[in-house]
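Colleague: In the numbering used here, the protein residues as written are 1 to 130. C-beta atoms are modelled at their ideal positions from N, C-alpha and C, and glycine is treated no differently. Given the structure is predicted, the values throughout are model-derived calculations rather than measurements. Here it is: the structure, laid out below.
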Amino acid sequence: MSGIAPDRSGPAAAYWDALDRGRLCFQRCWSCGAAQLPAREECTTCLSPDLAWEAAAGGARLISWVVYHRAYHDAFADMVPYNVAVVELDEGPRLISNILAPNDTLRIDMPLRLELGRRFDQAIPQFRPA
Ligand SMILES: [Zn+2]
1 MSGIAPDRSG PAAAYWDALD RGRLCFQRCW SCGAAQLPAR EECTTCLSPD
51 LAWEAAAGGA RLISWVVYHR AYHDAFADMV PYNVAVVELD EGPRLISNIL
101 APNDTLRIDM PLRLELGRRF DQAIPQFRPA
């Protein structure tokens, strides 16, 4: 479907390539040790360009979420109501994701486990209550 493919330009390319190979990866700074997502050309903590990719172990917790009751793109019409969540990996980086659980069971700080899914012919990181 058009208009919903991820932007694979720049440093994000390695992120999506890793997902295609079954791993959720984030960037680790060689200079200060900070971990970050989304991918950037430099460390957001110390501005060093020396970044390496590291695979997430899979543990995370739920920071916040919203529930969409209306589809803002036809591709999502069969999914409403669905949640869009901010998840914090055990390693520190946060990402926007989706929790594979009934929306009324979501709780702040609930422990989560990574579960890679597929949507629109693209591997995506999703989470399930741990
Ligand atoms: Zn750094």
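Drop a sphere of 10 angstroms on the beta-carbon of Y15, count the other beta-carbons inside from all chains shown, and report buried for 16 or more, exposed for fewer.
Modeller: buried
Colleague: Can you say whether I63 is buried or exposed, counting buried as having 16 or more other CB atoms within 10 angstroms of its CB?
Modeller: That one is exposed.
Colleague: Do you know how far the Cα of D78 is from the Cα of P93?
Modeller: 30 Å
Colleague: Anything with a beta carbon under 5 Å from a heavy atom of ligand 1 counts; list them all in chain order.
Modeller: C29, S31, C32, A34, C43, T45, C46, S48
Colleague: Have a look at M1 and R70 and give me their C-alpha separation to the nearest angstrom.
Modeller: The predicted model places M1 with a pLDDT of 47, which falls under 50 and marks its position as unreliable; any figure quoted below should be read in that light. Straight-line Cα distance between these residues: approximately 19 Å.
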